[in-house]
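Residue numbers (the working numbering): 19 to 186.
Where is the CB? At the ideal position from N, CA and C, for every residue including glycine.
Being a predicted model, the structure only gives us computed values, none of them experimental.
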């Protein structure tokens, strides 16, 4: 029977890590690894199984952790990975919501700025029309004097701010 690429027999895995096949069977019995089985019931270890086995061997042989401790560590790692995925999804969702809110705010600010500019331009045009009416003599008549102090004060203030340049 031909072996699939990326799948290894128990003897190949035992040689890979210089451990006894019975040790690998014990890890499987304890539920630490779950290799697939062929039609002939031969264990087939995937690359993920190899990575997990490598971690188990590191924890047991290098750090001296017992199998119950290894099981707890692997379960905690699994929970952490699940929580990390949830946090990433929540972060992505929140980030998208913030981008959307930012775009809404930017649109509102742009619209408000346009409205303000229109109002300011209308105000300037109105002031200009009022100035033209107040200073423009019609025929031989003198400009009409208004009894409103506000109009004269505004006009006087603008006249005071005029600058005259002389050629020398």
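Span of the alpha helix (DSSP H) around residue 39: 39-47
Residue 150 versus residue 144: straight-line alpha-carbon distance, rounded: 10 Å
One or two residues paired with residue 62 in a DSSP bridge: For residue 62, which the question treats as bridged, DSSP gives the partners 54.
Residue 67, buried or exposed, once every other Cβ within 10 Å from all chains shown has been counted against 16: buried
Stretch pair the region 46-53 + the region 70-88: three plus CB contacts closer than 8 Å: yes
Limits of the alpha helix (DSSP H) - the one that residue 84 falls within: Per DSSP, residue 84 belongs to no alpha helix (DSSP H) and is neither H nor E.
In DSSP terms, what residue 26 is bridged to: Per the DSSP secondary-structure output, residue 26 pairs in a beta bridge with 63.
Nearest-angstrom Cα separation, counted from residue 122 out to residue 112: Residue 112 and residue 122: Cα-Cα distance of roughly 15 Å.
Beta-carbon proximity list for residue 84, same chain, < 8 Å, skipping 5 on both sides: 78
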